[in-house]
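Chemist: Quick one: structure below, then a few questions.
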Amino acid sequence: MIKRSIVSTTTRIRCCFSLQRRNSSSSSSSSSWNSRLRLLAKEGHFLESLHLYRTMLLSGHSPDRFTFPFAIKSCAALSLPLSGAQIHCHVIKTGCLFDPFAQTSLISILLVCYNALISGFTLNSRPLEALALFRRMRRTGIPFTVVTMLSLIPSCALPMLLGSGMSLHAYNIKFGTDVDASVENCLLTMYAKCGSVGYYVLMSNIYVEAGNLDGVARIQGMVRERRLKKEPGCSYVEHKERIHLFLAGDRLHPQAKDIYRMLDGLEDSVKALNALKDGNGDTNNGSGEGDDIVMAMGVHSEKLAIVFGLLNTKAGEEIVVIKNLRVCGDCHWFIKSITKIVNRAIIVRDATHFHHFEDGVCSCNDYW
Ligand SMILES: [Zn+2]
Ligand SMILES: [Zn+2]
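The sequence shown maps to residues 24 to 391 in my numbering.
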């Protein structure tokens with residue numbers, strides 16, 4: 024009910040914002056409008072202040088350099104970029120564009136617009152556009168806020184964008200927004216989603232590099248507080264109404280011998296295939312969350328589950344593997360290659376994505 028009335032009111036405000044051509048305003052009456060506007064905006068009655076602005080225009084009074092900051096501040100506070108844009112036009116029409124009061128307040132509404140756009144790109148998995156917009160925002164000289172960072176940082180939560188995420192972190196340290204608890208959590212989630220096992224170490228290193236010892240101490244506190252424990256990586260595959268679970272380096276499965284033999288063969292074929300393709304077998308260097316330490320101990324669990332699937336299914340049957348953590352770059356590359364070698368489609372659902380591997384490519388386009 025309240026929501027609807029606000030919507031209808033703001034719609035009315037938007038429709039009614041037009042500069043009247045009558046020139047009936049005297050400076051004394053303008054100042055009385057302005058002081059009422061200022062009072063409403065200062066006390067946080069933004070909707071009322073926009074109503075008053077509209078009434079002022081309807082009654083033929085022209086806004087001036089003292090009117091705009093309060094009207095624009097109200098639009099920014101209510102996140103009404105369209106109304107803000109209309110008032111921006113009024114600022115231009117009344118020749119106040121170069122007035123420092125009007126300019127400062129226009130920045131606040133531009134900030135609202137940028138934040139809304141960045142958040143839109145992030146939510147729609149368009150990280151590159153979100154980052155480009157942020158760069159443009161900085162070039163235009165619009166200062167960012169915690170809200171900007173909360174909209175932007177999640178867009179870097181991809182292994183390939185870890186570098187951009189780290190630059191954002193450094194940026195936050197430079198401008199002091201990193202001490203905000205929500206920004207800090209957001210950064211931490213980003214590092215975790217990038218598949219970086221050592222995200223606390225990474226964060227702490229960034230603080231060390233910036234010579235920010237408070238930051239280092241904060242991260243150490245977080246580690247103690249959360250008593251970090253790594254979840255071991257495991258994958259499973261369903262076969263004949265039974266679940267076959269594999270841990271990294273697992274040798275307990277009854278078919279372990281066959282699985283490792285086939286895996287060895289596949290590893291050789293993959294190496295040969297890629298050596299043929301580009302002269303070396305270099306892999307994408309993303310790392311699996313929680314899996315890195317066990318890597319020294321053995322093969323990642325998804326490889327074992329996939330090979331089990333290949334051993335126990337016929338051509339044309341789909342292989343579906345579920346993994347509790349994110350697939351690492353090496354396994355992702357390996358799975359892509361084997362779909363070409365064995366000519367089978369493989370589906371891996373990891374902690375965050377569905378990967379449909381077929382004919383040497385993955386549906387995630389290597390963004391996961
Ligand atoms: Zn892996
Ligand atoms: Zn993928």
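Even glycine gets a Cβ: it sits at the ideal position worked out from N, Cα and C.
All values reported here derive from a predicted model rather than from experimental measurement.
Are ILE132 and PRO177 close, meaning C-beta to C-beta below 9 Å?
Modeler: Against the sequence shown, residue 132 aligns to sequence position 109. Against the sequence shown, residue 177 aligns to sequence position 154. No, these two residues do not count as a Cβ contact at 9 Å.
Chemist: Just how far apart, CA to CA, sit SER310 and LYS294?
Modeler: Working through the sequence shown from its first residue, we reach residue 310 at position 287. Working through the sequence shown from its first residue, we reach residue 294 at position 271. Because SER310 carries a pLDDT of 44, less than 50, the predicted location of this residue cannot be relied on, and the following value inherits that uncertainty. Each residue's Cα considered, the two are about 19 Å apart.
Chemist: Suppose you measure from the CA of LYS197 to the CA of HIS262; what does that come to, to the nearest Å?
Modeler: Position 174 of the sequence shown, counting from 1, holds the residue named residue 197. Position 239 of the sequence shown, counting from 1, holds the residue named residue 262. Roughly 53 Å separates the two Cα atoms.
Chemist: Taking the Cβ atom as the reference point for each residue, do LEU348 and ILE282 lie within a distance shorter than 9 Å?
Modeler: Working through the sequence shown from its first residue, we reach residue 348 at position 325. Working through the sequence shown from its first residue, we reach residue 282 at position 259. No, they are not a contact pair.
Chemist: Would you say SER174 and ILE141 are within 9 Å of each other, going by their C-beta atoms?
Modeler: Locating residue 174 in the sequence shown gives position 151, where the first residue counts as 1. Locating residue 141 in the sequence shown gives position 118, where the first residue counts as 1. Yes, Cβ-Cβ distance for SER174 and ILE141 is below 9 Å.
Chemist: Nearest to HIS111 by CA position, among VAL322, ILE95, ILE370 and ASP122, is which residue?
Modeler: Locating residue 111 in the sequence shown gives position 88, where the first residue counts as 1. Of the candidates VAL322, ILE95, ILE370 and ASP122, the one whose C-alpha sits nearest the C-alpha of HIS111 is ILE95.
Chemist: Excluding the 5 residues flanking SER187 on each side, which residues of the same chain have their C-beta closer than 7 Å to its C-beta?
Modeler: Locating residue 187 in the sequence shown gives position 164, where the first residue counts as 1. Only LEU154 and CYS179 meet the Cβ criterion.
Chemist: Is there contact between the segment 216-231 and the segment 257-271, where contact requires at least three CB pairs shorter than 8 Å?
Modeler: Touching, no, given that fewer than three Cβ pairs across the two stretches are closer than 8 Å.
Chemist: Run through DSSP, which three-state label would ASP382 get?
Modeler: The count along the sequence shown starts at 1 and reaches residue 382 at position 359. If DSSP states are grouped into helix, strand and coil, ASP382 belongs with coil.
Chemist: Would you kindly check if the distance between the Cβ of ILE370 and the Cβ of VAL344 is under 9 Å?
Modeler: Numbered from 1 along the sequence shown, position 321 holds the residue referred to as residue 344. Numbered from 1 along the sequence shown, position 347 holds the residue referred to as residue 370. Yes.
Chemist: Can you tell me whether PHE93 is buried or exposed? The criterion is at least 16 other CB atoms within 10 Å of its CB, across all chains shown.
Modeler: In the sequence shown, the residue the question calls residue 93 occupies position 70. The residue is buried, with at least 16 neighbouring Cβ atoms inside 10 Å.
Chemist: What separation, rounded to the nearest whole angstrom, lies between the Cα atoms of PHE108 and SER386?
Modeler: In the sequence shown, residue 108 corresponds to position 85, counting from 1. In the sequence shown, residue 386 corresponds to position 363, counting from 1. Per the sequence presented here, residue 108 reads as Ala, with Phe not at that position. The straight-line gap from Cα to Cα measures roughly 40 Å.
Chemist: Please identify the residue among LEU185, ASN388, ARG158 and VAL169 whose C-alpha is closest to the C-alpha of ASN195.
Modeler: Here the question's residue 195 lines up with position 172 in the sequence shown. The option with the nearest alpha carbon to ASN195 is VAL169.
Chemist: For the alpha helix (DSSP H) holding VAL135, just list the boundary residues, first then last.
Modeler: Position 112 of the sequence shown, counted from the first residue, corresponds to residue 135. Per DSSP, the unbroken alpha helix (DSSP H) holding VAL135 starts and ends at 123-146.
Chemist: Hey, how far is the Cα of GLY332 from the Cα of GLY272?
Modeler: Sequence index remark: in the sequence shown, residue 332 carries index 309 (1-based). Sequence index remark: in the sequence shown, residue 272 carries index 249 (1-based). Cα to Cα, GLY332 sits roughly 17 Å from GLY272.
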